[in-house]
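As structure tokens, the structure follows; a few thoughts come after it.
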Amino acid sequence: MNPVWLIAVPLALAFISTFANRISNWLLFLSAIFNAVAGVFLSFSSGTVSYSIGGWRSPFGIDLIVTDATRILLPVANILFFFAVIIHLSKKRALEKFSVVYTISLASLNGILLTNDLFNLFVFLEIAGVAAYLLAMTGKEGESKVAAFKYLLLGSVGSLLYLLGVAVLYAAAGTLNISAIATKVSDGLLNGDVMLVSSLLMIAGLGVESKLVPFNGWVPGVFTKSSNMATLVLASVYPVAMISTFSRVILAVGDRRALDLVIVLGVATVLIGEVIAFKQRNLRSTLAYSSIAQSGLAIFLVGIGTVEALTASVMLIINNALAKFVLFSVDSYTTEELGADDLESLYGLGKVAPVAGLIFTVSALSISGMPLFLGFRAKLLAISSSFESLLVVPIVILLAAAIEITYYFRWIFALYRPYKGEERARLSLPLELMAIGVVLAAILVFLGSSSHETLMAFSKAGNAMVDAIITLGKNLIGGV
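First residue of the sequence shown? That's 1 in UniProt numbering, and the numbers climb one at a time after it.
What follows is the structure, given as structure tokens:
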């Protein structure tokens, strides 16, 4: 199957939606289910495959590339997007005003995951960014508009810096093809200082969407003030595309100096995010800062650059996406039912809504890195992969995990503490949210306790972050 359909179909349906607003929700649903099925279908292919758009072969045309990493990340992003659409359309919410925006965001996120061209990546980043700015404005409070405006300012500066980095790189390499550039960098054919300047610009540019310190000031406001649907997509689907793309680009164009900077920024992001999350008394704010910390953890492993570290990074991206989808979904549900999501308001929720308590607990334990869950295996691999490179890395991971365990257990205990007010009536999760939450929680347990062979796909994905791209680039350069 040609992956271009994962971009073309949502774009076409978004175009139709502008003329058929009454059925825009159904067109959004159709694009979501098509991409979810197509993403799963694409995951059954093998090897590194490049698809030329319009018949123009690289380096003169634009390629879409499918690697072992893409085969994991692409289905996850599309399936989670589909789940988000199911949950919110089932509530008969009026999404018509933003259905086109969601559909366009779906197309752009797939483009980000698939493209092998730096300028084409810029185009998709711009489309995804504009869609995200609009989604950030969907909250009822005026504060959501302020948060969206801050996001717009930071995102615009980030886009400009990334484009400048691409321009510098193009002047030095003579191509925009990521595989060809990665090959030239690995062979030492490009000036190191020029590459460093380009890498620094790209780190700053891509760091905005990847939530790196100091470019992540937009995250708390957007995650806490946007609508439930927007927050769910921005917190669980967007990071899969943005963090993995940051990793892929920086590994392809960066030298050791750039990767060392990634480690420093990643460590700072992890520690700052965890400390601020620990101080929060509001669940959604806690989840927002936890998301920042998880992004930093996944990214600083990229700076280490070993296959084991990259494998752990991919596992953390998936773990964060699945767990945060459940956690933000439960937060949205409790806010709607109880009118608040502060610590005291959630007392006893696990007793009156046992399924909500169960899936929240499983997801929180996985994010915290507790045994038997995917997060534990990811962090254990991250620690073991970093002993030979930097001793400070396992210390940072353990310290961050200790802080994370503390504040997540505080929320878990709150769910089962007696409520001090009047006795609450039993609450029942919507059927679709219950089913999706149970499935995702079960996946976190399965991947955390399954055999080594089951997790070999993650190892292949980590290896594909660089090796597959460089191999493709050598074949490309050799054929020109």
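A virtual CB, placed ideally from N, CA and C, is assigned to each residue, including glycine.
Asked                                                                                                                                                                                   : Found
Please classify ASP187 as buried or exposed, where buried requires at least 16 neighbouring CB atoms within 10 angstroms.                                                               : exposed
Does the stretch 366-377 come within contact of the stretch 347-356, defined as at least 3 CB pairs closer than 8 Å?                                                                    : no
Quick one, which of VAL262, THR224 and GLY217 has its alpha-carbon nearest LEU201's?                                                                                                    : VAL262
Assuming contact is defined by CB atoms lying nearer than 8 Å, are GLY303 and PHE215 in contact in what I supplied?                                                                     : no
Quick one: what's got a C-beta closer than 6 Å to GLU209's C-beta in the same chain, skipping five residues either side?                                                                : MET242
Give every residue of the same chain whose Cβ lies closer than 8 Å to the Cβ of ILE403, excluding the five residues on either side of it in the sequence, and list them in chain order. : GLU274, VAL275, ALA277 and PHE278
Looking only at its chain, what residues have a beta carbon closer than 6 Å to the beta carbon of ALA323, apart from the 5 residues adjacent to it on each side?                        : SER363, SER366 and ILE367
Please state whether DSSP places LEU343 in a helix, a strand or coil.                                                                                                                   : coil
Taking all protein chains shown into account, do 16 or more other C-beta atoms lie within 10 angstroms of the C-beta of ARG284, making it buried, or fewer, making it exposed?          : buried
To which residues does DSSP link ILE65 through a beta bridge?                                                                                                                           : SER50
Since I believe ILE33 is in contact with PHE82 (beta carbons under 8 Å), could you give me their beta-carbon distance rounded to a whole number of angstroms?                           : 6 Å
Measuring straight from C-alpha to C-alpha, what distance separates ALA298 and ALA312?                                                                                                  : 8 Å
Which residues does DSSP pair with residue 522 in a beta bridge?                                                                                                                        : Since the first and last residues shown for the chain are 1 and 480, residue 522 lies out of range.
Rounded to the nearest angstrom, how far is the Cβ of LYS211 from that of VAL219, given a contact under 8 Å?                                                                            : 6 Å
Can you list the beta strand (DSSP E) stretches of 3 or more residues lying completely in the stretch 374-462, in chain order?                                                          : none
Can you tell me whether ASN282 is helix, strand or coil according to DSSP?                                                                                                              : strand
To the nearest angstrom, how far is it from the Cα of THR269 to the Cα of LEU287?                                                                                                       : 15 Å
Measure the alpha-carbon distance for LEU372 versus VAL445 and round it to whole angstroms.                                                                                             : 6 Å
By alpha-carbon positions, which one of LEU13, LYS379, LEU74 and ASN228 ends up nearest to ILE87?                                                                                       : ASN228
Can you tell me whether DSSP reads ASN216 as helix, strand or coil?                                                                                                                     : coil
Which residue marks the beginning of the alpha helix (DSSP H) containing THR18, and which one marks its end?                                                                            : Looking at the DSSP string, THR18 is not in any alpha helix (DSSP H), and its letter there is neither H nor E.
Buried or exposed, going by whether 16 or more other CB atoms sit within 10 Å of the CB of ASN2?                                                                                        : exposed
When the Cα of SER290 is compared with those of THR306, LEU301, VAL307 and LEU316, which residue comes out closest?                                                                     : LEU316
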